[in-house]
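Novice: Going down the list, the protein sequences come from chains P and U.
Straight run, no breaks: the first sequence in this note's numbering ends on number 332.
Straight run, no breaks: the second sequence in this note's numbering ends on number 332.
Where a beta carbon is used, it is the ideal one built from N, C-alpha and C, also for glycine.
Number of protein chains: 2
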Amino acid sequence: MQQMEELRAAVKIEAAKIDGYMRQDLAALEAARDGLLCEVLEYGLFNGGKRIRPLLVVLASRLCGNGDEDAYRLGCAFEYLHAATLFHDDIIDNSTMRRGKTAVCRQYGTTQAILAGDFLHAMSMATVGRLAGPRGLEIFCNATIGMVDGEFMQLRNAAKETLGEPDYYHAIMRKTGLLIAAACEVGALYGGGTDAQVEALRLYGVHLGCAFQIVDDLLDYQGDPARTGKAVGNDLVEGKITLPVILARQMAGEEDRRRLAALLAMDVRAAAVAEVTAIVSRVGGFAAARARAESEVASAVEGLRIFDLPGQQGERRIFEQLARYVLAREK
Amino acid sequence: MQQMEELRAAVKIEAAKIDGYMRQDLAALEAARDGLLCEVLEYGLFNGGKRIRPLLVVLASRLCGNGDEDAYRLGCAFEYLHAATLFHDDIIDNSTMRRGKTAVCRQYGTTQAILAGDFLHAMSMATVGRLAGPRGLEIFCNATIGMVDGEFMQLRNAAKETLGEPDYYHAIMRKTGLLIAAACEVGALYGGGTDAQVEALRLYGVHLGCAFQIVDDLLDYQGDPARTGKAVGNDLVEGKITLPVILARQMAGEEDRRRLAALLAMDVRAAAVAEVTAIVSRVGGFAAARARAESEVASAVEGLRIFDLPGQQGERRIFEQLARYVLAREK
Numbered sequence: 002m003q004q005m006e007e008l009r010a011a012v013k014i015e016a017a018k019i020d021g022y023m024r025q026d027l028a029a030l031e032a033a034r035d036g037l038l039c040e041v042l043e044y045g046l047f048n049g050g051k052r053i054r055p056l057l058v059v060l061a062s063r064l065c066g067n068g069d070e071d072a073y074r075l076g077c078a079f080e081y082l083h084a085a086t087l088f089h090d091d092i093i094d095n096s097t098m099r100r101g102k103t104a105v106c107r108q109y110g111t112t113q114a115i116l117a118g119d120f121l122h123a124m125s126m127a128t129v130g131r132l133a134g135p136r137g138l139e140i141f142c143n144a145t146i147g148m149v150d151g152e153f154m155q156l157r158n159a160a161k162e163t164l165g166e167p168d169y170y171h172a173i174m175r176k177t178g179l180l181i182a183a184a185c186e187v188g189a190l191y192g193g194g195t196d197a198q199v200e201a202l203r204l205y206g207v208h209l210g211c212a213f214q215i216v217d218d219l220l221d222y223q224g225d226p227a228r229t230g231k232a233v234g235n236d237l238v239e240g241k242i243t244l245p246v247i248l249a250r251q252m253a254g255e256e257d258r259r260r261l262a263a264l265l266a267m268d269v270r271a272a273a274v275a276e277v278t279a280i281v282s283r284v285g286g287f288a289a290a291r292a293r294a295e296s297e298v299a300s301a302v303e304g305l306r307i308f309d310l311p312g313q314q315g316e317r318r319i320f321e322q323l324a325r326y327v328l329a330r331e332k
Numbered sequence: 002m003q004q005m006e007e008l009r010a011a012v013k014i015e016a017a018k019i020d021g022y023m024r025q026d027l028a029a030l031e032a033a034r035d036g037l038l039c040e041v042l043e044y045g046l047f048n049g050g051k052r053i054r055p056l057l058v059v060l061a062s063r064l065c066g067n068g069d070e071d072a073y074r075l076g077c078a079f080e081y082l083h084a085a086t087l088f089h090d091d092i093i094d095n096s097t098m099r100r101g102k103t104a105v106c107r108q109y110g111t112t113q114a115i116l117a118g119d120f121l122h123a124m125s126m127a128t129v130g131r132l133a134g135p136r137g138l139e140i141f142c143n144a145t146i147g148m149v150d151g152e153f154m155q156l157r158n159a160a161k162e163t164l165g166e167p168d169y170y171h172a173i174m175r176k177t178g179l180l181i182a183a184a185c186e187v188g189a190l191y192g193g194g195t196d197a198q199v200e201a202l203r204l205y206g207v208h209l210g211c212a213f214q215i216v217d218d219l220l221d222y223q224g225d226p227a228r229t230g231k232a233v234g235n236d237l238v239e240g241k242i243t244l245p246v247i248l249a250r251q252m253a254g255e256e257d258r259r260r261l262a263a264l265l266a267m268d269v270r271a272a273a274v275a276e277v278t279a280i281v282s283r284v285g286g287f288a289a290a291r292a293r294a295e296s297e298v299a300s301a302v303e304g305l306r307i308f309d310l311p312g313q314q315g316e317r318r319i320f321e322q323l324a325r326y327v328l329a330r331e332k
């Protein structure tokens, strides 16, 4: 518990610094760009986000030996790309809310949300190209390319009731893992890490991203709507089959399996949420999914053992706490 | 006329080569990416486009001394960004058709058009970063950023009836000029041009882009719908005040000016097209706009005089013909 407090304090300080750099960027834009564009960016970027991706860039760079200020600017690019993705996702998912605020596309319009996303996209790529060179840019662009590819897969998989574990891991890797892994990898590159260090941090990001998404999918069933801001069973209602259900299907007996299949095949699934939750819980789907998240976190932490110099222990500990925090989070 | 034939033949050969590189890129993607994504890209990219932007990259590089094959790959990136912009524009403008084919967003859906645009965006940035370095990437990203900024300006200006010439030039520079100028500038950079050569080609692109857009706006009133694929007066109907009208307003007597203002203020402007066209024609708005396009072309050609070595005359002549072709085009 004390560790969590320590982490929270450290993250808060860094997030405030990151917000400061983002505000600098916006102020520089305001002189040259359309006023409405700046308003949309301000609205969409400052919404209480935890700035996890920039934080990972800064920490990875520092762990590899470079703690300079441009690491923050590089980190902001990851937040810009993340925000661009959310602007466009909210149009695609027809979302009305994002983090307790009206979504950008609802507040300002679809046109504005598409354009502001494209703007952030280009701005983030320019920053990464400038600060992290062609190799960093390639990693960054590949993460974007993979995210889009993942969305297309999801469009096709939405209807599939036979979705298995490999499909699930493939999808969350693209949806969440790639950009988080890219933040760690590009940060390490920028920090001047050796190939082994860069690879260790990339893998940390892969495992962290997967753990993060598994917990997200667990919270969708088990979270407190007052804290998560989403209705329980939202994924199921939208036709998304996530890990707890996939594992429950594998672990259930014949009767439960048949009942689950019938529930998942329903056209209007809102009525099925309570019963699906009960079956998944009874056959151990939630517990098994949590065990997977724990194992991802263990792998994430394990890979950082190569950072064994005394001077590296401060950052390494934050990385470890961050991974454990993912398991503890409630929203 | 013979010059035009010579140009057309040269452009056709180069466009076929550019299409070949684009097909290679798509084939490489198909192995790794979602099938539907590849189908959307194939549909959206191969629609009889003239490949002007890639052509400018290749020619600029060659004029500066480098005629290698990667110049074509770099050129394709400009076509990808251009296509990404069109995918998103068709959503924004609620367009049903593009170049005589159903628009991507109508054929495959808004979600698919947003995502495929984002994909091409990232792919184009990665290519430019790889082949043209941080400076080339910065020019490329700034063109994108400027285009978005221009779209926001246009959103605000759509309602303005007092739009003047400076607003118009500012808008077309962003909408068309920046990316065409970037194609020339990045091509020149890639080709190893001197600072003076890079700047001369950038300016050529600025003037060419402006001439191109002015002629586009003239064709909207004066073109043959069977060739342009658009109804006459489409811009006016959509509330876009373009150069012929702006100049007509400056040149008209008191009575015509008042009548124009009344027509432009109408809610449904479709009924006003014939009368606006008649007034603009009578007071000389079309002729004055065409004179501006001719003067842009003259400036474009003039700036290329620094390429005075015997070995540069072949490419330089194509640049000159291309600029003159812009004035002659009918669609």
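Does residue 157(P) have its Cβ less than 8 Å from a Cβ in chain U?
Specialist: Position 156 of the first sequence, counting from 1, holds the residue named residue 157(P). With 8 Å as the cut-off, residue 157(P) counts as an interface residue toward chain U.
Novice: List the endpoints of the continuous alpha helix (DSSP H) containing residue 18(P).
Specialist: For the purposes of this step, residue 18(P) is identified with residue 17 of the first sequence, where counting begins at 1. 3 to 33 is the span of the alpha helix (DSSP H), which, as asked, contains residue 18(P).
Novice: Taking the Cβ atom as the reference point for each residue, do residue 61(U) and residue 192(U) lie within a distance shorter than 8 Å?
Specialist: Reading the second sequence from its first residue, position 60 is the one you call residue 61(U). Reading the second sequence from its first residue, position 191 is the one you call residue 192(U). Contact: yes.
Novice: Distance check for residue 173(P) and residue 208(P), CA to CA, integer angstroms please.
Specialist: As a position in the first sequence, residue 208(P) is number 207, starting the count at 1. As a position in the first sequence, residue 173(P) is number 172, starting the count at 1. If you take the alpha carbons of residue 208(P) and residue 173(P), they lie about 11 Å apart.
Novice: Is DSSP giving residue 176(U) helix, strand or coil here?
Specialist: Start at 1 with the first residue of the second sequence, and residue 176(U) comes out as number 175. Helix at residue 176(U).
Novice: What does the Cβ neighbour count give for residue 245(P), buried or exposed, with the cut at 16 atoms within 10 Å?
Specialist: Here residue 245(P) is taken as the residue at index 244 of the first sequence, counted from 1. Looking at its Cβ environment, which holds 16 or more other Cβ atoms inside 10 Å, residue 245(P) is buried.
Novice: Taking the alpha carbon of residue 273(U) as the point to measure from, which residue in 279(U), 324(U), 281(U) and 264(U) has its own alpha carbon closest?
Specialist: The count along the second sequence starts at 1 and reaches residue 273(U) at position 272. The candidate whose alpha carbon is nearest that of residue 273(U) is 264(U).
Novice: Please go through the same chain and pick out, in chain order, the residues whose beta-carbon is closer than 7 Å to the beta-carbon of residue 271(P), but skip the five residues on each side of it.
Specialist: Here residue 271(P) refers to the residue found at position 270 when the first sequence is read from its first residue. Once the five neighbours on either side are set aside, the close Cβ partners of residue 271(P) are 238.
Novice: Name the DSSP beta bridge partners of residue 99(P), please?
Specialist: Locating residue 99(P) in the first sequence gives position 98, where the first residue counts as 1. 102(P), per the DSSP bridge assignment.
Novice: Counting pairs of beta carbons, one from the region 283 to 299 of chain U and one from the region 310 to 330 of chain U, are three or more of them closer than 8 Å?
Specialist: Because the criterion of three Cβ pairs below 8 Å is met, the region 283 to 299 of chain U and the region 310 to 330 of chain U touch.
Novice: Please classify residue 28(P) as buried or exposed, where buried requires at least 16 other C-beta atoms within 10 Å of its C-beta.
Specialist: Along the first sequence, read from residue 1 onward, the residue named residue 28(P) stands at position 27. So residue 28(P) counts as exposed.
Novice: For a test of the three-state rule: what should DSSP assign to residue 86(U), helix, strand or coil?
Specialist: Your numbering for residue 86(U) matches position 85 in the second sequence. It is helical.
Novice: If you draw a straight line from the C-alpha of residue 100(P) to the C-alpha of residue 228(P), how long is it?
Specialist: For this step, residue 100(P) is matched to residue 99 along the first sequence. For this step, residue 228(P) is matched to residue 227 along the first sequence. C-alpha separation (whole angstroms): 10 Å.
Novice: Would you report the Cα separation of residue 334(U) and residue 277(U), rounded to the nearest angstrom?
Specialist: Not covered by the structure: residue 334(U). The range shown for chain U is 2 to 332.
Novice: Please classify residue 176(P): is it buried, with 16 or more other beta-carbons within 10 angstroms of its beta-carbon, or exposed?
Specialist: One-based indexing of the first sequence puts residue 176(P) at position 175. Counting Cβ neighbours within 10 Å, residue 176(P) comes out buried, since at least 16 surround it.
Novice: Within 10 angstroms of the Cβ of residue 119(U), are there 16 or more other Cβ atoms? Answer buried if so, exposed if not.
Specialist: The residue labelled residue 119(U) in the question sits at position 118 within the second sequence. Per the 10 Å Cβ criterion, buried.
Novice: Taking only three categories from DSSP, how would you classify residue 266(U)?
Specialist: Position 265 of the second sequence holds residue 266(U). DSSP places residue 266(U) in coil when its eight states are reduced to three.
Novice: Alpha carbons only, please: which of 136(P), 139(P), 304(P) and 251(P) is nearest the one belonging to residue 201(P)?
Specialist: The residue given as residue 201(P) occupies position 200 in the first sequence. Selected option, being the one with the closest Cα: 304(P).
Novice: At the 8 Å Cβ level, is residue 77(U) part of the contact set with chain P, yes or no?
Specialist: Residue numbering aside, residue 77(U) sits at position 76 when the second sequence is read from its first letter. With 8 Å as the cut-off, residue 77(U) does not count as an interface residue toward chain P.
Novice: According to a CB-to-CB cut-off of less than 7 Å, which residues of the region 126 to 154 of chain U neighbour chain P?
Specialist: Here the close residues are 126, 127, 130, 131, 135, 138, 139, 142, 145, 146, 149, 150, 152, 153 and 154.
Novice: By the criterion of Cβ-Cβ separation under 9 Å, what are the contact partners of residue 93(P) in chain B?
Specialist: This model lacks chain B altogether, as its protein chains are P and U.
Novice: Anyone know if the C-beta pair for residue 89(U) and residue 115(P) falls short of 8 Å?
Specialist: Here residue 89(U) corresponds to residue number 88 of the second sequence, with the count starting at 1. Here residue 115(P) corresponds to residue number 114 of the first sequence, with the count starting at 1. In contact: residue 89(U) and residue 115(P) (Cβ atoms closer than 8 Å).
Novice: Considering only heavy atoms of the ligand HEM, does any lie closer than 7 Å to the CB of residue 177(U)?
Specialist: As far as ligands go, the structure on display features none, and thus does not contain the ligand HEM.
Novice: Can you grab the Cα-Cα spacing for the pair residue 109(P) / residue 188(U), in whole Å?
Specialist: The residue given as residue 109(P) occupies position 108 in the first sequence. The residue given as residue 188(U) occupies position 187 in the second sequence. C-alpha separation (whole angstroms): 37 Å.
Novice: Taking only three categories from DSSP, how would you classify residue 292(P)?
Specialist: As a first step, residue 292(P) is located in the first sequence; it is residue number 291 there, counting from the start. Reduced to three states, the DSSP call for residue 292(P) is helix.
Novice: Classify residue 59(P) as helix, strand or coil using the three-state DSSP reduction.
Specialist: For the purposes of this step, residue 59(P) is taken as the residue at position 58 of the first sequence. Helix, per DSSP.
Novice: So which residues on chain P does residue 35(U) lean against when the C-beta distance must stay under 8 Å?
Specialist: In the second sequence, the residue the question calls residue 35(U) occupies position 34. Ordered by position in chain P, the residues that pass the 8 Å Cβ test against residue 35(U) are 150, 153, 154 and 157.
Novice: Can you tell me where the alpha helix (DSSP H) with residue 112(U) in it begins and where it stops?
Specialist: If you number the second sequence from 1, residue 112(U) lands on position 111. From DSSP, the alpha helix (DSSP H) with residue 112(U) extends over 111 to 158.
Novice: Can you tell me the Cβ-Cβ gap for residue 52(U) and residue 80(U), rounded? I've got them flagged as a contact below 8 Å.
Specialist: As a position in the second sequence, residue 52(U) is number 51, starting the count at 1. As a position in the second sequence, residue 80(U) is number 79, starting the count at 1. The pair is a contact, with the Cβ atoms about 6 Å apart (cut-off 8 Å).
Novice: Please confirm whether residue 75(P) and residue 308(P) have their CB atoms less than 8 Å apart.
Specialist: In the first sequence, the residue the question calls residue 75(P) occupies position 74. In the first sequence, the residue the question calls residue 308(P) occupies position 307. For residue 75(P) and residue 308(P), no; Cβs fall outside 8 Å.
Novice: Cβ of residue 23(U) less than 8 Å from any chain P Cβ?
Specialist: Along the second sequence, one-based indexing puts residue 23(U) at 22. Closer than 8 Å: no.
Novice: Among 252(U), 24(U) and 121(U), which has the Cα closest to the Cα of residue 282(U)?
Specialist: Numbered from 1 along the second sequence, position 281 holds the residue referred to as residue 282(U). Per the Cα distances, 252(U).
Novice: Below 8 Å on C-beta distance, what does residue 124(P) contact in chain U?
Specialist: Sequence index remark: in the first sequence, residue 124(P) carries index 123 (1-based). Those are 142 and 146, listed as they occur along chain U.
Novice: Between residue 196(U) and chain P, is any beta-carbon pair separated by less than 8 Å?
Specialist: Position 195 of the second sequence, counting from 1, holds the residue named residue 196(U). No, its Cβ sits nowhere closer than 8 Å to a Cβ of chain P.
Novice: Go ahead and pull the three-state DSSP assignment for residue 232(P).
Specialist: Here residue 232(P) corresponds to residue number 231 of the first sequence, with the count starting at 1. Of the three classes helix, strand and coil, the one that applies to residue 232(P) here is coil, per DSSP.
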